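Numbering (the UniProt record's numbering), first residue to last: 1 to 304.
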Amino acid sequence: MEGKPHPSNFFQSAKPTLLNGDAFPRLIYGSSIREHRKPADIRAAFQKGYRGLDTTSTRRFHDEELDGQALRELLASDSPQFSLKREDIWVQTKFSIAFDQSDPWPYDPGDELALQVLKSIQRSLSDLGVEIVDAYFLSCQLDTFEDTLDAWRAMETLVEHGIARYLGICHVDARSLTQLLERVTIKPAFVQNEFVLDHSCNSDVWEICKEYGIVYQVFGLFWKHNNNMLSLAPVQQLAQSTSSTTHVALQMLIWAAAIDDGLYFSMLDGTRDEEHMALNLQLLEAFHSIPSSFVKQFRAMTDF
């Protein structure tokens with residue numbers, strides 16, 4: 001559309017950065033509890049080389065208090081083999097609606113939305129032991145678009161007061177994202193959606209993200225609904241040619257296809273296997289060497 005930045009130009013001038021000015025890490029470690037009985041210990045991930053954390057204020061899905069304890073230990077380490085400063089890492093968290101909360105709540109459900117947002121980030125900052133979060137997400141659309149707008153406008157004040165650097169939204173469809181872009185002052189820098197390749201929400205939303213230079217951040221690549229992708233011919237062929245697993249081949253092709261399409265792409269990873277952690281970090285470099293024929297075939301078969 002006329003007057004809107006081309007993605008490649010936008011990325012060069014406006015892509016998110018760490019506090020130290022470096023590009024933000026495209027592979028973020030997610031501490032979600034998911035099917036596990038207890039929260040993840042993020043120390044192993046950071047010691048392996050991850051430099052980004054995704055968490056949220058609700059104890060139903062994450063435990064920011066434990067994440068914060070781990071961050072404090074990591075940042076306090078004086079080991080010559082492992083030394084981190086706050087400005088070297090990416091910390092993102094979310095405002096979660098009442099439906100997703102569990103005890104202890106960060107706010108009173110009877111509070112006005114703006115106060116809920118303020119109380120939520122105040123607890124997040126305290127629990128995580130940081131003065132500013134790199135990105136603050138709205139965990140989902142609210143019951144009405146006007147409520148979504150009210151929550152977003154409250155989040156904008158966090159940026160204005162210097163306690164959040166970028167804003168994002170999760171679980172959003174194309175229509176709502178377009179409405180949001182039209183109505184808000186501080187545009188979303190991130191969209192975080194579940195990866196479901198054959199769902200129109202993904203393709204429509206990532207087209208908007210390309211157009212506006214928004215980082216498209218995905219999770220759930222290896223959840224059961226995506227298992228059929230492991231049997232695709234280019235995935236099988238790449239796995240054979242590189243002596244890797246189909247899971248590795250699929251992840252490499254997703255990265256390569258996204259970059260080939262001009263999408264500024266980011267992925268959440270919640271593995272608790274330290275070998276998988278190291279491998280996933282290696283893939284960030286390895287996918288650049290995939291033969292273009294594999295990428296073209298994969299994109300043609302998946303409409304990526």
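For each residue, glycine too, the CB sits at the ideal point set by N, CA and C.
Only a predicted model underlies this, so the values are computations on that prediction, with no experimental measurement involved.
Between the region 64-82 and the region 232-248 there are fewer than three inter-stretch CB-CB distances shorter than 8 Å, so the stretches are not counted as touching. Residues D147, D150, A151, A154 of the same chain have their beta carbon placed closer than 7 Å to that of L113, with the five preceding and five following residues left out of the count. Judged by beta-carbon spacing, G129 lies within the 7 Å limit of R72, meaning their Cβ atoms are closer than that value. Contact between the region 221-240 and the region 274-282 is not established, with fewer than three Cβ pairs separated by less than 8 Å. Close CB contacts of F287 within its chain, under the 6 Å cut and outside five residues either way in sequence, are with M252, W255, A256 (chain order). Cβ-Cβ separation between Y264 and G213: approximately 7 Å, consistent with a contact (criterion under 8 Å). Looking at L281, L180, V159, the one whose alpha-carbon comes closest to that of I169 is L180. E146 is not bridged by DSSP to any residue. N20 counts as exposed, since fewer than 16 other C-beta atoms from the protein chains shown sit within 10 angstroms of its C-beta.
The residues V295, in chain order, have a CB closer than 6 Å to that of D260 in the same chain once the five nearest residues on each side in sequence are set aside. For A189, the three-state secondary structure derived from DSSP is coil. Residue environment: H161 is assigned as exposed (fewer than 16 neighbouring CB atoms within 10 Å of its CB, all protein chains considered). With fewer than 16 neighbouring CB atoms inside 10 Å of its own CB, T185 falls in the exposed class. Going by beta carbons, A258 and V235 fall outside the 7 Å limit.
Between the alpha carbons of E156 and T56 lies a distance of about 18 Å.
For F222, the three-state secondary structure derived from DSSP is coil. Take Y50, set aside five residues on each side of it, and the residues of its chain with a beta-carbon closer than 6 Å to its own are Y29, in chain order. Boundaries cannot be given for G129, as no beta strand (DSSP E) includes it and DSSP labels it neither H nor E. For S241, the enclosing alpha helix (DSSP H) covers residues 233-242. Under DSSP, K94 forms a beta bridge with F137. A direct Cα-to-Cα measurement between L158 and Q47 gives close to 30 Å. Apart from the 5 residues on each side of it in sequence, S266 sits with its Cβ closer than 6 Å to the Cβ of R26, V215, Q217 in its chain, given in chain order.
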